[in-house]
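S.K.:
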Amino acid sequence: MPHNLVSKDDIDTYQRDGIVIVRGLFADHVDTLRAGIARNMETPGPYASNNDKAGERGRFFDDYCNWERIPEFRDVIMSSAAAEVAADLMCSEAVQLFHDHVLVKEPGTTMATPWHQDGPYYFVDGRQNVSFWSPLDPVTDATLRCVAGSHLWEKPVLPTKWAKNEPFFDPAPYMPVPDPDAETMDIREWEMEPGDAVAFNFGVLHGARGNSAAARRRAFSLRLLGDDARYTQRSGPTSPPFPDHGMVQGQRLREDWFPTLYTRPE
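What follows is the structure, encoded as structure tokens:
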């Protein structure tokens with residue numbers, strides 16, 4: 097039986113569309129995550145950015161890979177139902193931690209999160225994966241937007257540097273970034289309460305509008321891996337880079353850096 101936060105229909109939807117909403121996934125951890133984000137913004141990590149883009153107003157802070165130094169993030173990752181729910185959605189026997197990601201848009205921030213797929217930025221291959229995007233403030237217009245079924249496209253979308261809009265790798269193997277609104281794609285988005293979470297596959301095309309609200313929009317993302325996740329070499333530095341990881345093509349990700357969070361009972 098799946099965890100009580102998800103149903104068999106949710107699992108089928110996730111497998112088919114690559115996206116589903118999980119109401120209340122982090123509802124019991126909202127205050128802890130808010131405290132963790134405050135700590136993260138006070139002491140940013142080496143990958144932190146304010147996404148300063150010419151012509152845009154406001155502050156769009158993001159940072160990732162901080163769970164080992166931000167105790168609030170570590171506590172939520174280890175104690176919440178996220179890993180068990182991920183196992184259900186991925187149809188996986190075990191769940192491995194990949195990384196955390198914080199995204200904060202202050203009031204009046206005009207910069208949109210560009211349309212992108214997470215997978216092409218990563219050194220991970222495999223279909224069994226999930227990213228949870230959870231707002232810690234009520235969201236309407238600044239919510240996550242995802243293109244259903246895009247995780248099944250034949251070619252991945254070109255990864256770009258958000259503020260500079262430059263390609264991350266050689267564009268040749270990738271398809272250009274589409275415009276889902278202009279092309280009337282099947283975009284899924286929800287109004288969300290703090291602690292709700294959108295679950296989406298690393299291959300799902302997604303983005304978010306700027307924040308026109310009078311309150312900040314804080315979001316916590318958690319990226320998790322399933323049974324078929326393997327290291328793959330990209331044509332350049334990945335994001336996150338995880339320097340000196342020492343892994344080789346086709347290897348399971350090393351447990352000392354990417355611990356197993358959940359294993360199904362026999």
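Last residue of the sequence shown: 362 in the working numbering, with the numbers rising by one and none dropped.
A virtual CB, placed ideally from N, CA and C, is assigned to each residue, including glycine.
If you measure between the beta carbons of residue 366 and residue 157, is that distance less than 7 Å?
M.R.: An answer regarding residue 366 cannot be provided, because it is not within the stretch 97 to 362 covered by the chain.
S.K.: Can you find the residues in the same chain that come closer than 6 Å, C-beta to C-beta, to residue 282, ignoring five residues on each side of it along the sequence?
M.R.: Against the sequence shown, residue 282 aligns to sequence position 186. Excluding residues within five positions, the ones whose Cβ falls inside 6 Å are 244.
S.K.: Is it a yes or a no for the segment 187 to 200 touching the segment 133 to 145, going by three-plus beta-carbon pairs under 8 Å?
M.R.: The segment 187 to 200 is in contact with the segment 133 to 145.
S.K.: Measuring alpha carbon to alpha carbon, tell me which residue in 358, 289 and 355 is nearest residue 125.
M.R.: As a first step, residue 125 is located in the sequence shown; it is residue number 29 there, counting from the start. Among 358, 289 and 355, the Cα nearest to that of residue 125 is on 289.
S.K.: Go through its chain and collect everything with a Cβ distance to residue 189's Cβ below 6 Å, but skip five positions before and after it.
M.R.: Counting from 1 along the sequence shown, the entry for residue 189 is found at position 93. Within the same chain, residue 189 has close Cβ partners 323 and 360.
S.K.: Answer yes or no: do residue 181 and residue 102 have a C-beta to C-beta separation smaller than 7 Å?
M.R.: If you number the sequence shown from 1, residue 181 lands on position 85. If you number the sequence shown from 1, residue 102 lands on position 6. Cβ atoms of residue 181 and residue 102: closer than 7 Å.
S.K.: For the alpha helix (DSSP H) containing residue 169, list its first residue and its last residue.
M.R.: Within the sequence shown, residue 169 is the residue found at index 73, counting from 1. Per DSSP, residue 169 belongs to the alpha helix (DSSP H) from 167 to 175.
S.K.: Strictly by DSSP, which residues pair up with residue 260?
M.R.: Position 164 of the sequence shown, counting from 1, holds the residue named residue 260. DSSP output for residue 260 lists no bridge partner at all.
S.K.: Restricting to Cα atoms, I'd like to know which of 231, 223, 316 and 263 is closest to residue 212.
M.R.: By one-based count along the sequence shown, residue 212 stands at place 116. The shortest Cα separation from residue 212 among 231, 223, 316 and 263 belongs to 263.
S.K.: Which ranges does the beta strand (DSSP E) cover as unbroken runs of at least 3 residues, wholly within the segment 253 to 319, from first to last along the chain?
M.R.: Entirely contained in the segment 253 to 319, the beta strand (DSSP E) runs reaching 3 residues are, in chain order, 293 to 296 and 302 to 304.
S.K.: Residue 295 and residue 185: beta carbons closer than 7 Å?
M.R.: For this step, residue 295 is matched to residue 199 along the sequence shown. For this step, residue 185 is matched to residue 89 along the sequence shown. Yes, Cβ-Cβ distance for residue 295 and residue 185 is below 7 Å.
S.K.: Going by DSSP, name the residue or residues bridged to residue 231.
M.R.: By 1-based counting over the sequence shown, the position of residue 231 is 135. Paired residue(s): 315.
S.K.: Measure the C-alpha to C-alpha separation of residue 354 and residue 194 and round it to an integer number of angstroms.
M.R.: Here residue 354 is taken as the residue at index 258 of the sequence shown, counted from 1. Here residue 194 is taken as the residue at index 98 of the sequence shown, counted from 1. Residue 354 and residue 194: Cα-Cα distance of roughly 6 Å.
S.K.: Kindly provide the ranges of any alpha helix (DSSP H) runs that are 4 or more residues long and lie completely inside the segment 190 to 230, ordered along the chain.
M.R.: You should have found no qualifying run.
S.K.: Going by the C-beta, is residue 126 closer than 6 Å to any heavy atom of the ligand SAM?
M.R.: The ligand SAM is not part of this structure, which contains no ligands at all.
S.K.: If we call anything under 7 Å between Cβ atoms a contact, is residue 238 one with residue 305?
M.R.: Here residue 238 refers to the residue found at position 142 when the sequence shown is read from its first residue. Here residue 305 refers to the residue found at position 209 when the sequence shown is read from its first residue. Contact flag set, yes.
S.K.: For residue 318, count neighbouring C-beta atoms within 10 Å of its own C-beta (all shown protein chains included) and say buried if the count is 16 or more, exposed if not.
M.R.: Here residue 318 corresponds to residue number 222 of the sequence shown, with the count starting at 1. With 16 or more other Cβ atoms within 10 Å, it is buried.
S.K.: With C-beta atoms as the reference, is residue 341 less than 7 Å away from residue 240?
M.R.: On the sequence shown, residue 341 is found 245 positions in, with the first residue counted as 1. On the sequence shown, residue 240 is found 144 positions in, with the first residue counted as 1. Cβ distance not < 7 Å, so residue 341 and residue 240 don't count as in contact.
S.K.: Under the assumption that residue 119 contacts residue 292 (Cβ atoms under 8 Å), give the Cβ distance between them as a whole number of angstroms.
M.R.: Position 23 of the sequence shown, counting from 1, holds the residue named residue 119. Position 196 of the sequence shown, counting from 1, holds the residue named residue 292. Confirmed, Cβ separation roughly 5 Å.
S.K.: Assuming residue 312 contacts residue 196 (C-beta within less than 8 Å), just tell me the rounded distance between them.
M.R.: By 1-based counting over the sequence shown, the position of residue 312 is 216. By 1-based counting over the sequence shown, the position of residue 196 is 100. Incorrect: roughly 19 Å between the Cβ atoms, too far for contact.
S.K.: Between residue 235 and residue 286, what straight-line distance do the alpha-carbon atoms span, to the nearest angstrom?
M.R.: The residue you call residue 235 lines up with position 139 of the sequence shown. The residue you call residue 286 lines up with position 190 of the sequence shown. Their Cα atoms are separated by approximately 9 Å.
S.K.: In terms of DSSP beta bridges, what is residue 356 paired with?
M.R.: Position 260 of the sequence shown, counted from the first residue, corresponds to residue 356. DSSP, once it has assigned bridges, lists 192 as partnering residue 356.
S.K.: Throw me the rounded Cβ distance for the residue 160 and residue 336 pair, which I believe falls under 8 Å.
M.R.: For the purposes of this step, residue 160 is taken as the residue at position 64 of the sequence shown. For the purposes of this step, residue 336 is taken as the residue at position 240 of the sequence shown. Going by Cβ atoms, the distance from residue 160 to residue 336 rounds to 6 Å, so yes, they are a contact pair.
S.K.: How is residue 145 classed by DSSP in three states: helix, strand or coil?
M.R.: The count along the sequence shown starts at 1 and reaches residue 145 at position 49. Strand.
S.K.: Kindly identify the DSSP beta-bridge partner or partners of residue 159.
M.R.: Within the sequence shown, numbered from 1, the residue matching residue 159 stands at position 63. According to DSSP, residue 159 bridges with 198.
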